[in-house]
Each structure stands twice: as C-alpha cells, then as structure tokens.
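Q:
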Amino acid sequence: MFNLILFGPPGSGKGTQSERLISKYGLKHLSTGDLLRSEIAAQTALGMEAKKLMDKGQLVPDEVVIGMISTALDNNPQAKGFLFDGFPRTTAQAEGLDKLLKLKGTQINAFISLVVSEEELVKRLLNRGLTSGRSDDTNEDVIRARITEYKNKTSIVADYYKQFDKFTEVKGEGSIDDIFNALCKEIDSHM
Ligand code: AMP
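For reference, each letter of the sequence shown is one residue, going 1 to 191 in my numbering.
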C-alpha cells in the first residue's frame, strides 16, 4: 500500500492536485471536507452539527473526523492506498490516523505540504466562491478564520511528520502542471 497525506492551507490546491494524483497512482481519495459536505447534503445529525462550525470557519471535533476516516478505511478494503486531503488537521488526528493505519498493517509513506502565500490563498478562495457553491468560500471573514485555524491548530501537524522524516514541501504557486510534476517527483522518490 502507498498512503499519502497532501497537506496545506485552505486554497493551496489540495483538491485540484488530488484529482490528478489519484488517477495517476490509483489511490483512493479521502477528503474529510468532502465527506462532511456529503453528510450536510444528506441532512444527517452529524452533518447539521458540523455545518454550524464549518460556516464559522472552525474545525469539526477530532473524534467526528477520525470516526469518518475509520469508516472510510473499513469501506475500502481493496484500495491500493489512500490520499488523505484535509486530514489530519490536528496532532490528535495525526495520532488517530497512525493508530487506524497500524491496525490495518500499514502506515503513512509520504507527507507533502503545499506552500502558498496568504494573500494568494484569499484571492483563490474568493474566486472559487464564485462557482464552488461553498458558503465558506464567499465570505472573506470566514476565509480568514479558516486560515487562522490552519495557523493555530493545523500547521503544527507538519512537526509530527518531521520527526519521522516523512515531511516534504512543494511550492503550490505556478501552473497546475508544474505543481503536479513537482508532486509526482516527490511521490516517486518515496515509492
Ligand atoms: P475543506 O474542504 O478541507 O476546506 O474543509 C472545509 C471545512 O470542513 C473546514 O473549514 C472544517 O470546518 C471542516 N473540516 C474538514 N476537514 C476537517 C478535519 N480534518 N478536521 C476538522 N474539521 C475539518
């Protein structure tokens, strides 16, 4: 199995690059943001609770997202590997993920962080809000709150992977093709 974490702030291009990477490497894409939006669309109790936090740009509780990832891992026993997008976002989630993967006899092989400047992130997210249908992309205050959550709670997750020598950074600005090629180079070096 090959398991990859594609890391980076909101708007760094994780979703766009994930689509291409899963098709090239045959991985199963697991985006906690997408899983939560499916819960909201289905109007489940979990989705309705999560929406209140997502609309404010705040993180959903660790146990909720770890539970969703656990279910997704169980539901995909044939997967060649997983691409985690938007997860883990806290150190507790990173530890939870390690435990879940260990139970399946596997582990994280690579952690790649996309680096994009804050002004570029805000510009991209406001632009995405014109077409994404995501309410959290249309309001600049919510966008800035999401970036603050990233700085305060999520960016330290990188340190967790640095201690295991699994951490790499890739510049997330430039053409989509160039960023994709830089990501592939890093992935290939970990395979
Ligand atoms: P995303 O689609 O990854 O930008 O996530 C959208 C929103 O969903 C975030 O602003 C959080 O409110 C919530 N969310 C997604 N993934 C997580 C996670 N791993 N931990 C906590 N909250 C999350």
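Backbone N, C-alpha and C define an ideal beta-carbon position, used for all residues, glycine too. Owing to the predicted nature of the structure, the values given are computational and were not obtained by experimental measurement.
For PRO88 versus VAL157, is the C-beta distance shorter than 9 Å?
A: yes
Q: Got a sec, what are the start and stop residues for the alpha helix (DSSP H) ASP165 sits in?
A: Looking at the DSSP string, ASP165 is not in any alpha helix (DSSP H), and its letter there is neither H nor E.
Q: Would you verify that the beta carbon of ARG134 is, or is not, closer than 9 Å to some beta carbon of chain C?
A: Chain labels in this structure do not include chain C; a single protein chain is all it has.
Q: Cα separation between THR168 and ILE112?
A: Rounded to whole angstroms, THR168 and ILE112 show a C-alpha spacing of 5 Å.
Q: Answer yes or no: do LEU125 and ARG146 have a C-beta to C-beta separation smaller than 9 Å?
A: yes
Q: Between which residues of its own chain and ILE143 is the CB-CB distance below 6 Å, once the five residues before and five after are set aside?
A: Excluding sequence neighbours, ILE143 sits near VAL122 and LEU125.
Q: Among SER23, SER31, ARG20 and LYS24, which residue has its Cα nearest to the Cα of ILE5?
A: Comparing Cα positions, the closest option is SER31.
Q: In or out: LYS14 buried (at least 16 other Cβ within 10 Å) or exposed?
A: buried
Q: Please identify the residue among GLY47, ILE108 and ARG134 whose C-alpha is closest to the C-alpha of TYR161.
A: ILE108
Q: If you draw a straight line from the C-alpha of GLY133 to the C-alpha of ASN181, how long is it?
A: 29 Å
Q: Relative to the C-alpha of GLU95, which residue among GLU186, GLU63 and GLY81 is closest?
A: GLU63
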